[in-house]
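Novice: I am attaching a structure below and will ask some questions about it afterwards.
In the numbering used here, the protein residues as written are 70 to 282.
Here you go:
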């Protein structure tokens with residue numbers, strides 16, 4: 070039986086350190102340097118079934134089925150919020166309302182519950198299908214920042230935008246990313262190489278640690 074990442078954990082390499090997200094407990098953490106090196110060796114395939122490795126990394130890996138690889142995402146190169154599409158009033162109202170609902174949900178439920186596929190499907194906002202729909206959603210959230218506070222609200226904005234995309238069958242993922250020294254986290258919505266909501270310049274500062282398709 071092989072060793073795999075414990076359920077609920079995801080990870081990425083950031084500044085040559087393994088950074089973990091424990092989604093069920095809503096926390097990020099790193100391992101001490103010696104154990105970090107051991108984990109990275111294991112992640113590359115060294116000592117995959119060693120009981121010694123399992124004992125030293127028991128808080129992050131276990132025997133059984135699961136994942137080993139770090140989170141990978143296509144690099145973002147475009148920002149749909151920079152398109153010339155004008156936000157429609159109805160779309161902007163919907164984006165603002167969706168953000169308020171997401172904020173309320175975050176106060177009432179753990180983040181893990183809000184990142185499940187059923188939770189991400191619930192939204193009353195309408196948008197057209199296809200790529201133009203993604204651009205309209207991006208424009209609506211850009212415009213809604215004048216109505217609803219956007220600073221330090223990346224997670225509710227991303228949750229709201231992802232629900233809008235999912236409701237109308239628009240291919241996009243909600244992404245959580247991290248950086249170190251100092252530690253910070255960011256959330257955004259991305260479709261292919263395009264940021265839908267989340268600011269491309271900010272996104273480039275972060276390494277994806279969780280991607281919710």
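Every residue, glycine too, gets a C-beta built ideally from N, C-alpha and C.
This structure is a prediction, so every number in the text was calculated from the model and none was measured.
How many angstroms separate the CA atom of residue 78 from the CA atom of residue 167?
Specialist: Cα to Cα, residue 78 sits roughly 28 Å from residue 167.
Novice: If contacts are defined as beta-carbon pairs under 8 Å, then residue 161 and residue 209 qualify, I think. What distance do you get, rounded to the angstrom?
Specialist: Confirmed, about 5 Å.
Novice: Flag this pair as touching only if the region 213-221 and the region 235-247 have three or more C-beta atom pairs under 8 Å; answer yes or no.
Specialist: Short answer: they don't touch.
Novice: If you draw a straight line from the alpha carbon of residue 94 to that of residue 215, how long is it in whole angstroms?
Specialist: Those two C-alpha atoms are separated by around 33 Å.
Novice: One question on the structure: do residue 241 and residue 260 come within less than 8 Å of each other, judged by their Cβ atoms?
Specialist: Against a cut-off of 8 Å, the Cβ pair of residue 260 and residue 241 comes out as a contact.
Novice: Exposed or buried, which one is residue 85 when buried takes at least 16 other CB atoms within 10 Å?
Specialist: The residue is exposed, with fewer than 16 neighbouring Cβ atoms inside 10 Å.
Novice: Tell me residue 279's beta-bridge partners as DSSP assigns them.
Specialist: The partner list for residue 279 (beta bridge, DSSP) reads 245.
Novice: What's the C-alpha gap between residue 171 and residue 179?
Specialist: Near 12 Å, if we compare the C-alpha coordinates of residue 179 and residue 171.
Novice: In whole angstroms, what is the alpha-carbon distance linking residue 271 and residue 107?
Specialist: Going from the Cα of residue 271 to the Cα of residue 107 covers about 31 Å.
Novice: So what's residue 130 in DSSP terms, helix, strand or just coil?
Specialist: Residue state, collapsed to three classes: strand.
Novice: Out of 71, 81 and 281, which one is the CA nearest neighbour of residue 182?
Specialist: Nearest option by C-alpha distance: 281.
Novice: Is residue 196 helix, strand or coil by DSSP?
Specialist: With a pLDDT of only 41 at residue 196, under 50, the local geometry of the prediction cannot be trusted, and no value is derived from it.
Novice: Is residue 216 helix, strand or coil by DSSP?
Specialist: Note: residue 216 maps to coil in three-state DSSP.
Novice: Am I right that residue 251 and residue 142 are in contact with their C-beta atoms under 8 Å? What's the rounded C-beta distance?
Specialist: Contact doesn't hold; Cβ gap of about 23 Å is too wide.
Novice: One question on the structure: do residue 97 and residue 263 come within less than 8 Å of each other, judged by their Cβ atoms?
Specialist: It is not a contact, given that the beta carbons lie outside the stated cut-off.
Novice: Can you find the residues in the same chain that come closer than 7 Å, C-beta to C-beta, to residue 192, ignoring five residues on each side of it along the sequence?
Specialist: For residue 192, the pLDDT reaches just 40, beneath the cut-off of 50, and the residue's location in the model is therefore unreliable, leaving the point undetermined.
Novice: Rank 138, 139 and 112 by C-alpha distance to the C-alpha of residue 126 and give the top, closest one.
Specialist: Residue 126 has its Cα closest to that of 112, out of 138, 139 and 112.
Novice: Within its chain, find whatever has a CB closer than 8 Å to the CB of residue 227; leave out the 5 residues flanking it on each side and keep chain order.
Specialist: Excluding positions up to five away in sequence, the list reads 243, 244, 256, 257, 258, 266 and 267.
Novice: Could you give the first and the last residue of the continuous alpha helix (DSSP H) run that contains residue 269?
Specialist: Residues 269-272.
Novice: Can you tell me the Cβ-Cβ gap for residue 157 and residue 205, rounded? I've got them flagged as a contact below 8 Å.
Specialist: Contact holds; Cβ gap of about 7 Å.
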